[in-house]
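Comments concern the structure below.
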Amino acid sequence: MPADTGAEPGRREATARTAHPFAQCSEGRWRCLSSRETSRQGPPGLSLAALIFLPPHFLIPASALSKLDLSPTPPNAAKRAKKLLAHGHVRLDPFHWLRKVKSQEVLDYLRAENAYAEAVLAPTQAAQEALYTELLSRIQEADLSVPVKFGSWMYYSRTVQGAQYPVHARKRITSTGWEDAPEEILLDENLEAAGKSFYEVGDYELSPSGRYLAWTEDTRGQRSYRLRVRDLVSGRNLRLSHKGVVSLAWAEDENADGATLFFVTEDAKTKRACSLWRQHLQDKAPTPLHEERDERFNLLVFKTRSRGLIVASSTSHTTSEARILPASQPRGRWRLVQRRRAGVEYEVDHHSDHLYLRSNDAGQNFRLLRAPLARWHGHWEEVLALREEVILEGVDLYQDWLIASERCAGLPQLSLTHLPSAKTHQIAFSDPAYVVDLEDLPEWDAPILRYTYESLTTPDSLFAYDPSSRKSTLLKRQPVLSGFDPANYASARIHAMATDGTQIPISLVWHKATQLDGSAPLWLDGYGAYGISNDPWFSATRLSLLDRGWIFAIAHVRGGGDLGQRWHEAGKLEEKKNSFSDYLACAETLIAQGFTSKGKILANGGSAGGLLVGAALNMAPGLFGAAILEVPFLDVVTTMLDPSLPLTVGEYEEWGNPERRADYRRMLAYSPYDNLQARAYPPILIEAGLHDSQVMIWEPAKYVAKLRTLKTDHNPLLFLTSMEAGHGGASGRYDALHERARQLAFALATLAPASLPESTLP
């Protein structure tokens, strides 16, 4: 019953958190500056500009853009008006033809936009290289994760200097230890990625004995994964290759003849996880077991940490249903835990002879129940009661401990219950805002637990925790080289008052040498969707801004999960407008309290956060000095009117169904593409991926084409498409750093040109 991973369902993709021994090296993919990582003009009277609008009495001074080349002529996409009719309302879309992304004409247009953006940014090329070198200098390129015990082996991941991807390996535990044992390489991602422009491992699971490794891989950036299985004894890859695999779980039947693997596949067109299969390694073909036919639901399969149950869970954005099977009986009968009821979400876990359920049946903050595994219907008892101010986000069960991942007043906390004695305690943390997550250990009887901790000033840190002595021991902290000292930075949490009086949290970090007199440029990050918390994470690349006098802030707007389900409910469907007005309120508060000034804020958001920023730019363009939108969800109505697109039907519960008149009018009122107007906009950089299956490339393409015809300023509007990647950007760690250096160069060139390093212009 895992806690939320922080990955976005839908437009940022749901990720199953499963127990595995492959821990990432401490820097991961070198977590980047903005969204981690990681989901659109309307009829008169519908514009959200009526809610809050600052007149655009601004143009960025030419001197402020002297580090960019504004002489190139931008591409001019052809206008071919298409009439779109819904509920008696007609939209004329001149750029609807850009949906034909496989056509040579559209590809040529994307390449022309890339060439234009590169020409405008050309004067910053030396600065980009200097920034890249600076970012790289903070990274420990050759690194090793803290090993994890699983069976008779210690598992770890390591990175090699100059290599884009990690290597996953293990050493056998002997009577004299394991450190000096020979290394066995299980999966070298660099070898698998050879000759490919993109490579990403999705799920990876070891069989119970450790003989077989099953993993999934994406080689196009479409987040469509192919299953592969390797016999680690012989080193031979088995002739199993299933496409569109979303999740995996090994049964507990492994013997000399092989093992059984359960997996879920997705619909090739809609990308909905919907089919459950069973595959014994000796069988030529898998056996279909279950088909989830409700298009709002996605299917997930996993094994409990106890290794006692296989769970097949069907979930929508608001409702759950799960079936269980004894892990040792892969050909046995699946049993339904609770039939789906609209609005009721639950997660299943197992301990000894009891079934555990984290459920919102009694209230949106969730409670924990348990019942005998042999007969749970009608025999549920409450283990953790519903609490008004505490959200139960997840539960992890070990042999002797129950760990509750909770959130109180917007901050995460870990509560541990000793099952034999029923005594409970919490782990204390001191930062004003932070992120803490329980490490997912595969060993059921692990006597020492692990958790990760980070804040805006504290690098990602892995701790061992002895629950008996209540002592935490630092195992590893993300190495940040080049003289980083957390004492040089300050962080705070303040609040903005929304238009309805709600207090909206803002997390901030800055270098202590920065004057808080309104002169500093400020990077304002926002997301606000799917109930996902935008937690205050640490970023080594962000230091390149902070050390140049920038302030970084996170607007914890409604629609996210920062303050629980009520926070999510207050920023979705009929209340979606709150997300946008919250973001603007945060910007205004940061100005009023002297952290920055009007026109010195860079607005940033990715995916559904791109929708947030796109709407904010339409409502109050004069508030911002620049904007960076990453894989942004901008054409809300058109996308949500097309049920054949990935994610659309499942996201009716988040945005609404525009086939209904009221939903259509409400969505049309804020859709960034439909609300673009003839006015001045700040400098904008939009980044997208050609193979994105979460936000179609034509959304930002149409937005840029339309905005070029309307905006009244001479500020740069840059649109860069990665022709080899998808929703997550570049897959290689060095490539990702180059992308981040380009973002930083744009930010500095537009809002702080004097601090741009080694510019080619005098």
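Numbering (the numbering used here), first residue to last: 265 to 1026. Glycine included, C-beta positions come from ideal geometry on N, C-alpha and C.
Please report the residue range of the beta strand (DSSP E) in which residue i lies.
| i | result |
| --- | --- |
| Lys840 | First-last for Lys840: undefined, no H or E at that position. |
| Asn378 | Careful: Asn378 lies outside any beta strand (DSSP E), inside the alpha helix (DSSP H) at Gln368 to Leu385. |
| Thr529 | Thr524 to Glu530 |
| Thr579 | Leu573 to Thr579 |
| Asp467 | Glu464 to Leu470 |
| Ser611 | Residue identity differs from the one stated: residue 611 is Glu in this sequence, not Ser. Here the beta strand (DSSP E) through Glu611 covers Tyr610 to His615. |
| Asp495 | Arg490 to Asp495 |
| Asn868 | Ile865 to Gly870 |
| Trp787 | Leu786 to Gly790 |
| Glu718 | Leu713 to Ser719 |
| Phe566 | Asn562 to Lys567 |
| Val510 | Val509 to Trp514 |
| Phe727 | Ser725 to Asp730 |
| Ile768 | Gln767 to His775 |
| Glu555 | Thr551 to Glu555 |
| Gln677 | Leu675 to His682 |
By the 10 Å Cβ neighbour count, where 16 or more other Cβ atoms means buried, how is residue i classified, buried or exposed?
| i | result |
| --- | --- |
| Ser327 | Residue placement at Ser327 is flagged as unreliable, the pLDDT there being 49, under the threshold of 50; the coordinate-derived value follows with that caveat. Exposed. |
| Gly607 | exposed |
| Glu443 | exposed |
| Pro750 | exposed |
| Gly1034 | Any question about residue 1034 goes unanswered here, given that the chain covers just 265 to 1026. |
| Glu645 | exposed |
| Thr1071 | This structure leaves residue 1071 out entirely; the chain is present only between 265 and 1026. |
| Lys740 | buried |
| Leu1015 | buried |
| Ile691 | buried |
| Ser970 | The amino acid occupying residue 970 in the given sequence is Lys; Ser does not appear at that position. By the neighbour-count rule (16 or more Cβ atoms within 10 Å), Lys970 is buried. |
| Thr438 | exposed |
| Phe322 | Residue confidence is low: Phe322 scores 39 on pLDDT, short of 50, so the model does not pin down where it sits. Its coordinate-derived value is still stated next. Its Cβ being crowded by 16 or more others within 10 Å, Phe322 is buried. |
| Glu657 | buried |
By DSSP, does residue i sit in helix, in strand, or in coil?
| i | result |
| --- | --- |
| Gln663 | coil |
| Thr483 | coil |
| Glu703 | coil |
| Leu780 | coil |
| Glu645 | strand |
| Gly459 | coil |
| Gly352 | coil |
| Lys966 | helix |
| Ala751 | helix |
| Trp361 | helix |
| Asn340 | coil |
| Gly795 | coil |
| Gly825 | coil |
| Asp452 | strand |
| Ser623 | strand |
| Val877 | helix |
| Glu852 | helix |
| Ala760 | strand |
| Leu545 | coil |
Starting from residue i, trace the alpha helix (DSSP H) in both directions and tell me its first and last residue.
| i | result |
| --- | --- |
| Arg475 | Premise fails: Arg475 is in no alpha helix (DSSP H) and is neither H nor E. |
| Arg1004 | Arg997 to Leu1015 |
| Ala390 | Gln389 to Ser401 |
| Arg830 | Gln829 to Glu833 |
Is the beta carbon of residue i less than 7 Å from the beta carbon of residue j?
| i | j | result |
| --- | --- | --- |
| Ala879 | Phe844 | yes |
| Pro413 | Glu707 | The sequence shown places Lys at residue 413, rather than the Pro named in the question. For Lys413 and Glu707, yes; Cβs fall inside 7 Å. |
| Ala427 | Lys435 | no |
| Glu530 | Ala537 | yes |
| Cys850 | Ile758 | no |
| Glu609 | Ser584 | yes |
| Asn752 | Lys776 | yes |
| Thr805 | Leu553 | no |
| Ala668 | Val654 | no |
| Ala819 | Leu848 | no |
| Gln465 | Ala513 | Per the sequence shown, residue 465 should be read as Val rather than Gln. Taking 7 Å as the Cβ cut-off, Val465 and Ala513 do not qualify as a contacting pair. |
| Gly572 | His614 | yes |
| Gly782 | Ser679 | no |
| Tyr698 | Ser719 | yes |
| Thr582 | Glu917 | yes |
| Thr976 | Arg943 | yes |
*Quick one: which unbroken beta strand (DSSP E) runs of 3-plus residues sit fully inside the stretch 879-964? Chain order, please.*
Runs of the beta strand (DSSP E) spanning 3 or more residues and lying entirely within the stretch 879-964 occur at 890-894 and 948-953, in chain order.
*Report the residue ranges of all beta strand (DSSP E) runs contained in full by the stretch 408-447; include only those spanning at least 3 residues, in chain order.*
If we require 3 residues or more, the beta strand (DSSP E) runs fully inside the stretch 408-447 come out as 412-414, 417-423 and 431-436.
_Segments assigned beta strand (DSSP E), at least 3 residues, entirely inside the stretch 797-821_ = Taking only runs of at least 3 residues, the beta strand (DSSP E) segments lying wholly in the stretch 797-821 are 815-819.
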